[in-house]
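Residue numbers (this note's numbering), protein chains in the order written: chain A, 8 to 641; chain B, 0 to 159; chain C, 4 to 289.
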């Protein structure tokens, strides 16, 4: 239990310490050391608790409960203050409603607000802790140098780095708290902290756009928060049947119909936090924040909290029409967001839509909730976290060097920044290619949906979704590997960016492929087995084939050094026109012209303007349907 | 093994032909003459071609183009000049912008006479070119061998 | 050990079979056009010739990508003929094709670039249908493994006529035949030169060709799975399907990419409709 408390409290301690650290070098030391401690502690969790089942800790304390309520009220006041300052009355209204509901909950159901055990840990929590502890803290380390350069590039932004790092570490603490809490009141408390933390981080630059987007994120997440409190009130009111606010009891509750309503409400909160449609806009807006924030929001925190809670409640969703409906929200989000990603040229925007899509896929798995799908969902969470953090960190580094995060501008990166290009290449491969994890999970999901009732709907959606995924990733990859001539190499002298986190995350993406059978058998399978009594796993032969593929992928580049060294080099074919290697050719009337190549964005088919509204409308209908279906089931 | 002779791929370029010869070249591809019988394919891409068929004389505008196309073809390669104009400039020879036959710009291996050249003649010219192509291939592999052998001998010498 | 024999036989024999099929294809095409056509072994002469040519590149990286393309195409087909998981086979093929596309991107040539983009559109067009074909075969035979599907006694084609038709549509894309030969074609040099393979020459182009043979054998194997309950009917069906594809190739003109994409996706819709009826029937029966 000490480790759990350490992981929750230590980041808070570091956060407070960082409030007083002004020098970058010192800050770097503090952040790096605490990252090491947090990562080490998460790894220790793995060794200590991986072999057993779920372990519960009473950790009961009146003081903690009171403190949480007090902080929640303070946060509500803070939102009201910020809302008044920036004239966002919707935020105020939602904060007031939420605070009122909390007060109502605390005063009316005092008797049933106690969980037998407040903290717990099981294999799923360990996985989440590892993601938060390792990837989250790597991003924090990366952020130190990044923010220094960021302020160098953006002198107009007020330097609030102490606040920034305070929030980052508070964020990590909240995430740990979220995944370790068995008391749903506690889960809710940490849930709210992540909402506020993301609000502060998105609004960091204090521009009008940043503020607007921060409030959008806040409002959408508060909406989820209101649903969460409503679920808590419902649970407290139906204490004996539903299991009250004790997560383990709720999940084990025999009265499926009663539990379904709070599950759908909490699932709605998960949908808002995971930025599924129609709430995807807050995550897109979040990219105005400095890149480490995006990396954090997308890979290890925030949105992962949303899908974490959905996957936790998957056993409740399983086999219900309400759950099916929630799953469909995810599936529709998956295909629509993937399709919109085709039409985007801004790297961060593509990454954001891809995140939304993958979270949709995870939600789809969780909503249908069979044991195989939960297995696939957890795999997706792991692999997505690793690959996506690498891609964001890489995009941030590239943006600092070439001054743009437009994918078209990344043409020829393999020449200009070879190391960076290889890392991005691996990251993108990790998102959609065999034998990397995301594809493996997608594949597992397809095989699992076949066996689920009405799974065909999901298969159909997945089939289209994975096809468009190939398109937008592959064309980005293509831009990276284009060998442009006469391009200046800008990687040298590249000391501003911290390379270590990039190398480590790249290593993690590759290692995840090799370790995936181990991750599955030691963590995911026992968890699924404990919940469902059966578990899914990948066949031995398939694992062997994938390891073979990975080995080939690592060996094949060697041929690069052996082949074609003796080859004669010729310029490209330009219709017979003599051309320079960088595609300048003699045009008519003696003019020299340049041929440029651009990717296809197919906006008339996949544009945001065309797809977002229908997608969002369908998702709203599905969300409403999930509520009605849960109500009918009762 | 000499596969080259059995699979000559062609690039056809109209330098400044009156289209008379071009039509005859294309006629070779029709079912009547069906040059695919000999494995001949019209590629339209110098990087894939073995034989460059040029009709018409060289003018000042396409001089660099012809040179570029020729340079882009991988060895071994041959050039077949088709028709009187491609051979000498033909009736356009005295025009202000005509440089003359194809051999003013790139080396020509086979000249097919005629105005316009008949399809049978063109096919005959290509078949002649195949012989030269094979010779060039032998020479190329021979050169590669020759380059390799002294090195091998030297290595053997060092070994001793 | 059967799986190993299957894989090794595929790796050795598929290029031979693929080349022969290509030769027959060209012969039949010629006859349809009233020509004599090239010798049966012409595809082998072509590839042999390509390996005799000088090694010419725009960038050395292109050889790496094409080699990776060939290796992964061969590996994917080998997984298929070893009786492996059909979905894994599909995804491994996608990986291989991405390598080809990257090779075309790497050379930074306008024509290759158009070919690469169109190739990706093709992948996007056929991927849904091919996944659905795997799922359909699973729904009938209860196995994702090629070995299991091939051993099934149920006549898959009876249950999956829509899926098979859909597959026939995207087969045209996969076989690089008209009307969907948009990314590279012998007949498109007026517009895209040679599309995705424009800058590949000599042995590199030869590798692309061999990879194509490997893939064609896999595709015919996939067609066979629909008739696997009876090997004789299976082989006849494969032959008929291929001749029909050649016929379509000869009577249609190349369409625009929009039409290719829509056709592929509509074919997938047909497959979905088929599967929906199938799952309705099985649920109704249970």
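We put the beta carbon where it would ideally sit given N, CA and C, even for glycine.
Within the same chain, 26 and 48 come within 8 Å of residue 42 (chain C) by CB-CB distance, once the 5 residues on both sides are set aside. Among the bridge pairs identified by DSSP, residue 126 (chain A) is matched with A:64 and A:188. The shortest C-alpha to C-alpha distance from residue 176 (chain A) to any of A:201, A:544, A:432 and A:154 is the one to A:201. Residue 9 (chain C) and residue 220 (chain C) have their C-alpha atoms spaced approximately 13 Å apart. One alpha carbon belongs to residue 121 (chain C), the other to residue 12 (chain A), and they sit about 55 Å apart. Per DSSP, residue 147 (chain A) is one residue of the alpha helix (DSSP H) stretching across 144-160.
DSSP places residue 592 (chain A) within a strand segment (E or B) once states are collapsed to three. For residue 471 (chain A), the enclosing alpha helix (DSSP H) has its first and last residue at 462-488. Assigned with DSSP and collapsed to three states, residue 233 (chain C) falls in coil, not helix or strand. The DSSP-derived three-state label of residue 57 (chain B) is strand. Chain B has a Cβ within less than 8 Å of the Cβ of residue 205 (chain C).
Our two residues, residue 28 (chain B) and residue 34 (chain B), have alpha carbons roughly 6 Å apart in a direct line. Residue 155 (chain C) places its beta carbon less than 8 Å from that of residue 231 (chain C). Annotation: residue 613 (chain A) to residue 606 (chain A) spans about 14 Å, alpha carbon to alpha carbon.
As the crow flies, the alpha-carbon of residue 544 (chain A) is around 30 Å from that of residue 510 (chain A). Identification of chain A residues near residue 64 (chain B) by a Cβ-Cβ cut-off of 9 Å yields 582, 583, 584 and 585, ordered along the chain. Taking 8 Å as the cut-off, the beta carbon of residue 129 (chain C) is found no closer than this to the beta carbon of residue 76 (chain C).
Segment contact: the stretch 212-228 of chain C against the stretch 140-153 of chain C, three or more CB-CB distances shorter than 8 Å; contact assigned. With respect to the 8 Å criterion, residue 15 (chain B) and residue 91 (chain B) are classified as neighbours on the basis of their beta carbons.
Spatial neighbours of residue 379 (chain A) in its own chain (CB-CB distance under 6 Å, excluding positions within 5 residues in sequence) are listed in chain order as 455 and 543.
Residue range 64-84 is occupied by the alpha helix (DSSP H) that includes residue 68 (chain C).
Only residues of its own chain outside the window of five on either side were considered, and among them 83 have a CB closer than 6 Å to the CB of residue 106 (chain A), listed in chain order.
With fewer than 16 other Cβ atoms inside 10 Å of its own Cβ, residue 233 (chain C) counts as exposed. Put simply, the CB of residue 51 (chain B) is far from chain A, with every gap to its CB atoms at 8 Å or more. Between the stretch 341-354 of chain A and the stretch 296-304 of chain A, the count of Cβ pairs shorter than 8 Å is below three; the stretches do not touch. Using a 10 angstroms sphere on the CB of residue 53 (chain C), the tally of other CB atoms reaches 16 or more, which defines it as buried. A direct Cα-Cα distance of roughly 5 Å separates residue 64 (chain A) from residue 126 (chain A). Going by beta carbons, residue 337 (chain A) and residue 390 (chain A) fall outside the 8 Å limit. By the Cβ test, the stretch 130-147 of chain C is not in contact with the stretch 202-213 of chain C, since fewer than three Cβ pairs between them sit closer than 8 Å. In the structure shown, the three-state DSSP call for residue 575 (chain A) is strand.
Between the beta-carbon of residue 442 (chain A) and that of residue 294 (chain A) there is about 30 Å, and that puts the pair past the 8 Å contact cut.
By DSSP's assignment, residue 601 (chain A) forms a beta bridge with A:591. Between residue 569 (chain A) and chain B, the shortest Cβ-Cβ separation is not below 8 Å.
Here DSSP, grouped into helix, strand and coil, assigns residue 114 (chain C) to helix.
Membership of residue 76 (chain A) in the alpha helix (DSSP H) is indicated by the continuous run 69-92. Here the alpha carbon of residue 618 (chain A) sits roughly 29 Å from the alpha carbon of residue 235 (chain A).
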